[in-house]
Structures are given as C-alpha cells and as structure tokens.
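Engineer: Position one of the sequence shown corresponds to residue 6 (the working numbering), numbered consecutively onward. Just so you know, even glycine gets a beta-carbon here, dropped at the ideal spot from N, CA and C. Got a structure for you, questions after.
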Amino acid sequence: MERTLELAGRLRSELRRVIFGQDDLIDMLCTAVLSRGHILIEAVPGMGKTRAARALGKLIDGEFRRIQFTPDLMPGDIVGTTVYSFQSQHFEVVKGPVFAHVILADEVNRAPAKTQSALLQAMEERRVNIAGKDLDLSERFVVIATQNPLEMEGTYPLPEAQLDRFMLKIEMGYPGLEEEKNIYLNQMTPSKDQEALLKPVIREEDMKQIWEDMEGMLVDEKILEYVSEIILKTRNFPGIAFGASPRAGIHLLTAARAWAITQERDYVIPDDIKDLAIPVLAHRLVLDPESELEGVAPSDYLRKILNEVVVFS
C-alpha cells in the first residue's frame, strides 16, 4: 500500500504542474482513473479540459484520443468499422478511438442518440461490437466527457441511463488571480511548458497493483451504513422524484476508496463520503417538476440530506 500511496501522490502533484487553480478537477481526475470510473465535466470553453486529459494520458503511460462530438458523428466513428483489404481480399477491422486509454469526448451532448449509445456500451461493458465480433477495451479505459453549459442549441440531452454510467460529474469554475497569471506565464514561455516535460508516473503494472490494493482496503461497516442512509434518503426526500440506485451507492464507495488514496490514506472516513456525495449522486437524481420550475438543483437537496443524516461517532 505504501507504493500505491506514493504513486497516487506523484500523479496528483504532476497534474498540478500543468493544471492551475483547479485542485478539485485534479482530485476528481485522479479518483476517476484510479477507480476505473468515467467523469463528466461541465465547463465553458477554454478552461484547459483537453490539456488536463492529455496530461493524464501521458502520466499513466497510456494513449490519449480526443473525439469531437458533432450531430453527424456516427457510431463507427467511435468504435471502429470494417474495411475491405484488396491485399488479403477480406474485410479487416479498423479500431476506433475508444481503443485508447484516455478518451476526451468533447461536447458529448452534440451527438445523436445512436452515437451516444455506442459510447454508452463501451463505458459500461468495456467492450464493443464490430461486425458481430466482441472486442475488449483496455482495463485502463476512462472517458472524460465534456458539456458546454452555455450552448443548448443543436444538442441532445444525455439520457438518465447514460448519465448513470458516469461515476463523477463536476462543474469547473474560473481560476483565481494567481492561477490565471501562471496560465499566461506558462503559455508565453513555451520552452518552460510543463506539459512537455511530463513523464509517465503510473505504468500498467503499477495500475494493476493499485487496483489490488484498493480492493483490499477495509471499509468500516459504519461507513457502509452511512452511505446506505444517504442513498435511501434520496429516494424519500421531498422534491426528489427518483433517488439514487444501488449502483450509485457502489460508485460512491468505490470512488471513496480512490479518493482516500489520493489523499494519501489507506482507509475511508466520513468526510470522503461528504466530499464525493454531490459529484457522484447529483447527476443521478430526478427532481419533481415543481422543484425544476423553482430552479432548485439536485446538489441543493443533497446538501440538506448530508446535514440531516447523522455521522456516526
């Protein structure tokens, strides 16, 4: 476990060299990749999402691919297709970008439903079907999807089933004054660009060891009860039409283990659950029509639930 904590700490510190003023994003990216989960980021353009995803791919010694989602994007553009080879006189499989390790699905809500469903299968099953053949994706496969909150024209809202496949969803804010200055300084001096200096920190064999250590982490039964109470509360809370599913609870506990490791701990504490409750649960809740008309956000209800559920002593 000491090696795992060291690697997680190095991954976090290396990301901070290229991502300024977004500590929450860094922690969530580390949590997602260590827990084999996918993350949905909502932010305006120009916030460095591509840079962050590309840096993450380099640090885990993986291949990074970016997919720009557009209304004319087809499932084959994501998973791959078959082409006829005149040399072999057979159809050969040409693998799509999902066979990389870190995928940036940029403006994922601009693609039509059939294309989103192709990505959904890849995210859930870690395998795709091309011409009737099932092909497995990498165990390190992680999707970092983005949405632009400013432009809704020409978009296709993500269905609840697809939202449920994202372990985490976060909203990126603007950096502070000092961080903003560091961003400009880094761009004005390309010779000192920290991203170009990044070297792999966690290789494939290291990642497998991290996953083994995570699975071996003991989670106190009181933590399980605490999570269960939060999940059950979302199903019976005024203003919430549909609460969190058991999968949401599993994702919360899995993410909490990875989160603890990024904080250089080998055990989960209640604060880990509190820190992750909104990123893991908010996008899975469906509110009553009255709550939506009043402009209440799922995160508002989750904060109330966290205040009401008693933390064990």
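#1: Roughly how far, in whole angstroms, is the beta-carbon of Leu290 from the beta-carbon of Ala249, given that I think they are within contact range, below 8 Å?
#2: With C-beta atoms as the reference, is Leu34 less than 8 Å away from Leu61?
#3: Out of curiosity, what's the CA-to-CA distance linking Gly53 and Ile24?
#4: Quick one: what's Phe69 bridged to in DSSP?
#5: Mapping the DSSP letters down to three states, classify Val38 as helix, strand or coil.
#6: Gly254 by DSSP, collapsed to three states: which one?
#7: Can you give me the start and stop residues for the beta strand (DSSP E) that Thr87 sits inside?
#8: So, at 7 Å on beta carbons, what are the nonlocal neighbours of Asp280 in its own chain, with the 5 sequence-adjacent residues on each side left out?
#9: Does His288 come out as helix, strand or coil in the three-state DSSP assignment?
#10: Checking 8 Å against the spacing of the C-beta atoms, do Pro284 and Leu292 come in under that value?
#11: Would you kindly work out how many angstroms separate the C-alpha atoms of Asn191 and Arg145, rounded to a whole number?
#12: Spatial neighbours of Thr259 within its chain, please: CB distance less than 6 Å, with the 5 preceding and 5 following residues excluded, ordered by chain position.
#13: Rounded to whole angstroms, what is the Cα-Cα separation between Met6 and Arg208?
#14: Given this structure, state the Cα-to-Cα distance separating Ala13 from Ile215, to the nearest angstrom.
#15: Tell me, please, whether the region 225-233 touches the region 89-104 by the rule of three or more beta-carbon pairs shorter than 8 Å.
#16: Quick check: the Cα distance between Leu173 and Asp271, rounded to an integer number of angstroms?
#17: Identify the continuous alpha helix (DSSP H) that holds Asn191 and give its terminal residues.
#18: Which residue's Cα is closest to the Cα of Ile245: Val301, Leu229, Glu200, Ala123?
#19: With Leu124 as the anchor, note down where its alpha helix (DSSP H) starts and where it stops.
#20: Given 8 Å as the limit, is there contact between the region 41-51 and the region 65-77, that is, 3 or more CB pairs closer than that?
#21: With DSSP as the reference, label Glu299 as helix, strand or coil.
#22: Going by the DSSP bridge assignment, what does Ala261 pair with across the sheet?
#23: To the nearest angstrom, how far is the alpha carbon of Met177 from that of Asn153?
#24: Rounded to whole angstroms, what's the CA-CA distance from Arg262 to Val133? Just pull it up for me.
#25: Near Ile83, which residues of its chain fall below 7 Å by C-beta distance, leaving aside the five closest residues on each side in sequence?
#26: Would Ala287 pass as a contact of Leu311 if the rule is Cβ separation under 8 Å?
Structural biologist: Put simply:
#1: Rounded, the Cβ-Cβ distance is 7 Å, consistent with contact.
#2: yes
#3: 8 Å
#4: Val107
#5: Here Val38 carries a helix assignment [DSSP, helix/strand/coil].
#6: helix
#7: 85-90
#8: Hits under 7 Å: Trp264.
#9: helix
#10: no
#11: 30 Å
#12: Ser40
#13: If I take the Cα positions, the gap works out to 16 Å.
#14: 9 Å
#15: They do not touch, by the three-pair rule.
#16: 21 Å
#17: 182-193
#18: Val301
#19: 118-130
#20: no
#21: Coil, per DSSP.
#22: According to DSSP, Ala261 bridges with nothing at all.
#23: 11 Å
#24: Going from the Cα of Arg262 to the Cα of Val133 covers about 28 Å.
#25: Ile72, Gly101, Pro102, Val103, Thr120, Ala123, Leu124
#26: no
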